[in-house]
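Notes to accompany the following structure.
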Amino acid sequence: MSKTQDIPKQYDPSTTEEKWYNYWEENDYFHSEPDNRESYTVVIPPPNVTGVLHMGHMLNNTIQDVLVRRARMLGKNTCWVPGTDHASIATEAKVVQKLRKEGITKRDLTRNEFLNHAWEWTEEHGGIILQQLRKLGASCDWKRTRFTLEDELYDMVIDCFIELYDRGYIYRGLRMVNWDPAAQTALSDEEVIHKEVQSKFYHVKYPIKDSDDFVTIATTRPETILADTAVCVNPDDERYRDLVGKTVIIPIVNREVPVIADEYVDPEFGTGCLKITPAHDPNDYEIGQKHNLEIIDMLNPDGTLSEDAEHYIGKDRFEVRKLITHDLEKQDLLVKTEEMANKVGYSERTDVVIEPRLSLQWFCKMDELSKPALENVMNDEVQFHPAKFKNSYKHWMENIRDWCISRQLWWGHRIPAWYFGDGEEDYVIAKTKDEAIEKAKEKSGNELLEDEIRQDEDVLDTWFSSWLWPMSVFDPDFIKNKEPNKELNYYYPTQDLVTAPEIMFFWVARMIMAGYAFAGEKPFSNVYYHGIVRDEKRRKMSKSLGNSPDPLELIDQYGADGTRVGMLFASPAGNDLLFDVSLCEQGRNFSNKIWNAFRFLTMNMDEHESYNPTTEIDPKNLADKWMMGRIQTTLEAMEEDFSKYRLNEALKKIYSLVWDDFCDWYIEVCKADQPGENMPKENLERALGFFEMLMKMLHPFTPFITEEIWQRIRDRSEDEALTISSWPEITGETFNDSISLFNTVQSQISAIRNIQAEMNLSPKADLTIIIKPKDEELSEELASTEWIYRKLLAVETISFDTDAEKPEASAASVVNGSEIYIPLKGLIDLKKERERIQKEIDRTEGFLKSVEKKLANEQFVENAPDAVVEKERNKKSDAKSNLEKLRKQLTEFDA
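Residue numbers for the sequence shown follow UniProt numbering, beginning at 1 and rising by one.
In structure tokens:
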């Protein structure tokens, strides 16, 4: 390396990031094929195919990239598989919205016509997020990019359904489900978000037949009165004992229904008397089954009222709530309305209030599938990081309910059920229509024509495909063939899964279930749960709140490296990230600091010399031994942090090593003795050698600037890159004694600099420094480091003497038992300095008295706000501290 290289004055990420990313991709550094190395495999949590990069993606993929890049440098065969999810509900909603703008409704189209539009939309918008991940620096194996709806993966999902059906895990049944009126599809329990909202509690009169009396029933959903088929009380409730067996009249519809008794009713809740609506409440449905009640479905799929409601037909459910309340009031049937807080279920996808609805759906039994998935997390075969998430996982798995896997959509994996009649059992499960016809002939005993058999219109829940992700990306034929191919055998199980705890049940738990159900082993060894990205008010960042910055704009402004550092600095394992854009600015400043340090080193080169960076240290040079020792101890500490997924802690350690130790101390010590001279060649070569090691340690966190500098430090071959270089090894001497001695020198130099600042001494003023070490051994050691003091301070004379006496009119400091004296005669006007300090003491004493007087006033302390009183107490504490410091300064001038 020579000085003739053109080193720009300013580091410009825009000129380096695209250049190096293209270089890495062109050289296939991210691509993996099975070989004899240890594999390190990560599958990306597939983002929605039509999604764009948001802050959660930024955090998630930065963490994955740090882990993958380090594993690659450790010599492992890394395979980070990218891909996207077809996202049935979200994508179909976008396509429907697009068509609506064009004057087309879904009802206007056949299934195939709609799917053609969906594929056009996907091809136009799909994959944008994968391009954006490149800007972040994500080192994915792009040649392995998968899509959950591509042909091979589609087939595996259908194979999975058939296999589970044949094993007795999948069934079809009429069950109460969560219904999304906006998407017009069933949802699983995990897709329902319960929010606490302010609701109204309506107290409604239900007249008793052949009587002037009535019972009062409280409900938050008065519109469902139209589908009531009974009134229920607790059999032990004396208030209603005589009512059981009688008939009441349902308001508005005037339907006669029985009064029944069931222990389910809580006499203390509401009025102790319940309306029973079997078609629209899961608990009411159970009571209805137990007491053979009529079921009335009053809702259409879009949330409007059906003809079975008899009233308000075609009107929206929430409009009807207002109308029926008004009509009940007119008929003198509304007793009162109360405000109350209650939890209401919202669709995770469309954010509309879900409706409990009785529906014929496909379900997957979870009780047996969940057992190995629970056992192997609790015994740490699959480890959660942080481990605290095992508790919520255990609770969910022990209370798991069957999974509703059918969705009333067209975009997705179509359920391979084929119907040939109107009976409940008139269907077969088959992969193709021809297979279905043969199975249907056999089951029915009749000859069937092709147009006499029809496939189920529904598709499978999106998560029913992504739960196969760690297997399907490597071997889509695995379930069909029952044996793993070469790739699945090599890459499975994967090592680390990085995800958010909010999809622990949607995805993580189900992948573990699928792994044991089909492969007989875990899908991954570790699950690292990162937090949610929140703003300074602790709100989750989202476009709807307008509190989320555009990730690409952050990258444009602060560089990918700066943005990555900013994200990681605020991201402790398992805890939410309180994002502040100033962290990205700090990351950019770090890049600039690194660049300026490198540029300074190159400016010290003689253009007629060639330089060979080295880490072979001078055994007589304390600074070299200290720097090597600090690198070794930091490597050890980072190893511990990586093993516990404390990536932010590992980053802070290498950040401090580079900024504080290397830039602020080591480079300064390596400078030439005389100003204006170049750094000695041997010092410069070692500094560059250490810098090379630091770039390796930093590379997983800041890949672009480290590659740029590493390539400039010395001449490299065309196919040589930092990203595939080896991670520094922890070898050789630890230099603990050298670290300890240098730390003492650092502390003493810092103390001397503090004295210079406090006494307003010019940094260029030559000092007489007297150091009184705490013992003779230290005295001898410090004497050998005199050159460091002279290099970093303006020193006239310096001595190390365990018998030294404090000179008159001198400033003093104590560092770890050793005393430092700096005579001040000739450096400052002692008289004026005494006067200045005394004036400041007098002023501070007066201020302290006024504060103490205020705090001695009991009326003030008792009546003033706590924050005001606390502020005064802080003033008192600060004044006392300042006084102590000033008085100490004054004594420094005493003879």
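We treat Cβ as the ideally placed atom computed from N, Cα and C, and that holds for glycine.
As the structure is a prediction and not an experimental result, all values here were calculated from the model.
>> Once the 5 residues before and after I429 are set aside, which same chain residues still bring their CB inside 7 Å of it?
In response: Along the sequence shown, read from residue 1 onward, the residue named residue 429 stands at position 429. Hits under 7 Å: I162, Y165, P416, A417.
> When the Cα atoms are used, what is the spatial distance from L792 to G817?
Replying inline: For the purposes of this step, residue 792 is taken as the residue at position 792 of the sequence shown. For the purposes of this step, residue 817 is taken as the residue at position 817 of the sequence shown. Whole-angstrom Cα-Cα distance: 22 Å.
> Does the distance from the C-beta atom of L761 to that of I771 stay below 8 Å?
Replying inline: As a first step, residue 761 is located in the sequence shown; it is residue number 761 there, counting from the start. As a first step, residue 771 is located in the sequence shown; it is residue number 771 there, counting from the start. Contact flag unset, no.
>> Between which two residues does the beta strand (DSSP E) holding W179 run?
In response: Within the sequence shown, the letter at position 179 stands for residue 179. Run containing W179: 170 to 180, per the beta strand (DSSP E) assignment.
>> Does L460 pass the burial test, meaning 16 or more other C-beta atoms within 10 Å, or should it be called exposed?
In response: As a first step, residue 460 is located in the sequence shown; it is residue number 460 there, counting from the start. Buried.
>> Restricting to Cα atoms, I'd like to know which of T325, D228, D426, N234 is closest to A279.
In response: As a working mapping, residue 279 is identified with position 279 in the sequence shown. Cα-wise, what sits closest to A279 is D228.
> So C273 packs on V233, CB below 8 Å; how close in whole Å?
Replying inline: On the sequence shown, position 273 is the one that residue 273 refers to. On the sequence shown, position 233 is the one that residue 233 refers to. At roughly 5 Å, the Cβ-Cβ gap stays under 8 Å, so C273 and V233 are in contact.
> Buried or exposed: where does L360 fall if 16 or more other Cβ atoms within 10 Å of its Cβ makes it buried?
Replying inline: Here residue 360 refers to the residue found at position 360 of the sequence shown. So L360 counts as exposed.
> Residue range of the beta strand (DSSP E) that R357 falls in?
Replying inline: Taking the first residue of the sequence shown as position 1, residue 357 is located at position 357. Where R357 is concerned, the enclosing beta strand (DSSP E) stretches over 355 to 364.
> How many angstroms separate the CA atom of V197 from the CA atom of E339?
Replying inline: One-based indexing of the sequence shown puts residue 197 at position 197. One-based indexing of the sequence shown puts residue 339 at position 339. Each residue's Cα considered, the two are about 10 Å apart.
> So what's C140 in DSSP terms, helix, strand or just coil?
Replying inline: By 1-based counting over the sequence shown, the position of residue 140 is 140. In this structure, C140 counts as coil in the three-state DSSP scheme.
> How many whole angstroms separate the CB atoms of T122 and T50, which I take to be in contact at a CB cut-off of 8 Å?
Replying inline: As a position in the sequence shown, residue 122 is number 122, starting the count at 1. As a position in the sequence shown, residue 50 is number 50, starting the count at 1. T122 to T50, Cβ: 7 Å. Contact.
> So the beta strand (DSSP E) S347 belongs to, where does it begin and stop?
Replying inline: By 1-based counting over the sequence shown, the position of residue 347 is 347. Where S347 is concerned, the enclosing beta strand (DSSP E) stretches over 334 to 347.
> Between V81 and M471, what straight-line distance do the alpha-carbon atoms span, to the nearest angstrom?
Replying inline: For the purposes of this step, residue 81 is taken as the residue at position 81 of the sequence shown. For the purposes of this step, residue 471 is taken as the residue at position 471 of the sequence shown. Across the structure, V81 and M471 are spaced so that their CA atoms are roughly 11 Å apart.
> Just reading off the alpha helix (DSSP H) that S610 is part of, what are its end residues?
Replying inline: In the sequence shown, residue 610 corresponds to position 610, counting from 1. Note, S610: premise wrong, no alpha helix (DSSP H); not H, not E.
> Where does A812 sit, in a helix, a strand or coil, going by DSSP?
Replying inline: Working through the sequence shown from its first residue, we reach residue 812 at position 812. In the structure shown, A812 sits in a strand (DSSP, three-state: E or B).
> If you draw a straight line from the C-alpha of G587 to the C-alpha of D801, how long is it?
Replying inline: Taking the sequence shown and counting its residues from 1, the one referred to as residue 587 is at position 587. Taking the sequence shown and counting its residues from 1, the one referred to as residue 801 is at position 801. Spanning the two alpha carbons is a distance of roughly 44 Å.
>> Excluding the 5 residues flanking E92 on each side, which residues of the same chain have their C-beta closer than 6 Å to its C-beta?
In response: In the sequence shown, residue 92 corresponds to position 92, counting from 1. Answer for E92: L409, W411, listed in chain order.
> Considering only C-alpha positions, which residue in the set I769, T110, D327 is nearest to H823?
Replying inline: The residue labelled residue 823 in the question sits at position 823 within the sequence shown. As written in the sequence, residue 823 is Pro, which differs from the His given in the question. For the residues I769, T110, D327, the minimum Cα distance to P823 belongs to I769.
> Secondary structure at S2, three-state DSSP: helix, strand or coil?
Replying inline: Taking the first residue of the sequence shown as position 1, residue 2 is located at position 2. Confidence in S2 is poor, its pLDDT being 48 and thus under 50, which makes the residue's placement unreliable; the coordinate value appears in the next sentence. S2 falls in the coil class under three-state DSSP.
> For L577, which three-state DSSP category applies?
Replying inline: For the purposes of this step, residue 577 is taken as the residue at position 577 of the sequence shown. Strand.
>> Cutting at 7 Å between CB atoms, please list the residues of its own chain near L61, excluding the five before and the five after it.
In response: Mapped onto the sequence shown, residue 61 falls at position 61. Reading off the sequence shown, one finds Asn at residue 61, where the question assumed Leu. L133, L136, A138, listed in sequence order.
>> Let me make sure I understand the geometry here. Which of E190, D661, L109 has the alpha-carbon closest to that of N399?
In response: Within the sequence shown, numbered from 1, the residue matching residue 399 stands at position 399. Cα-wise, what sits closest to N399 is E190.
> In the structure shown, what three-state DSSP assignment does A895 receive?
Replying inline: Numbered from its first residue, the sequence shown carries residue 895 at position 895. Here the model assigns A895 a pLDDT of 46, short of 50, so the residue's position is not dependable and the matter cannot be decided.
> Run through DSSP, which three-state label would Y285 get?
Replying inline: Your numbering for residue 285 matches position 285 in the sequence shown. Y285 falls in the helix class under three-state DSSP.
> How is the alpha helix (DSSP H) around C670 delimited, first residue to last?
Replying inline: Mapped onto the sequence shown, residue 670 falls at position 670. Unbroken alpha helix (DSSP H) run through C670: 667 to 670.
>> According to DSSP, simplified to helix, strand and coil, what is N526?
In response: To locate residue 526, count along the sequence shown from 1; it is residue 526. If DSSP states are grouped into helix, strand and coil, N526 belongs with the strands.
>> Could you check whether the segment 67 to 76 touches the segment 97 to 109, counting it as contact only if at least three pairs of C-beta atoms, one from each stretch, sit closer than 8 Å?
In response: Contact between the segment 67 to 76 and the segment 97 to 109 is absent: fewer than 3 CB-CB pairs across the two stretches fall below 8 Å.
> Which residues bound the beta strand (DSSP E) around S818?
Replying inline: Sequence index remark: in the sequence shown, residue 818 carries index 818 (1-based). Element bounds for S818: 818 to 823.
>> By the DSSP assignment, the alpha helix (DSSP H) with E25 in it spans what residues?
In response: For the purposes of this step, residue 25 is taken as the residue at position 25 of the sequence shown. Taken as a continuous stretch (DSSP letters only), the alpha helix (DSSP H) holding E25 covers 13 to 26.
>> Just to confirm the assignment: which complete alpha helix (DSSP H) runs, minimum length 4, are found wholly within the segment 619 to 672?
In response: Here the runs fully enclosed are 622 to 643, 647 to 656, 667 to 670.
> If you compare alpha carbons, which of S726, R714, N743, N683 is closest to D661?
Replying inline: If you number the sequence shown from 1, residue 661 lands on position 661. That would be N743, whose Cα lies nearest to the Cα of D661.
> When the distance is taken between beta carbons, is I667 closer than 8 Å to R349?
Replying inline: Within the sequence shown, the letter at position 349 stands for residue 349. Within the sequence shown, the letter at position 667 stands for residue 667. Against a cut-off of 8 Å, the Cβ pair of I667 and R349 comes out as no contact.
>> To the nearest angstrom, how far is the alpha carbon of A856 from that of E872?
In response: Here residue 856 is taken as the residue at index 856 of the sequence shown, counted from 1. Here residue 872 is taken as the residue at index 872 of the sequence shown, counted from 1. In a straight line, the C-alpha of A856 is about 11 Å away from that of E872.
> Less than 8 Å separating the beta-carbons of N27 and A560?
Replying inline: By one-based count along the sequence shown, residue 27 stands at place 27. By one-based count along the sequence shown, residue 560 stands at place 560. Not in contact: N27 and A560 (Cβ atoms no closer than 8 Å).
> Should E223 go down as buried or exposed, given a rule of 16 or more other Cβ atoms within 10 Å for buried?
Replying inline: By one-based count along the sequence shown, residue 223 stands at place 223. With 16 or more other Cβ atoms within 10 Å, it is buried.
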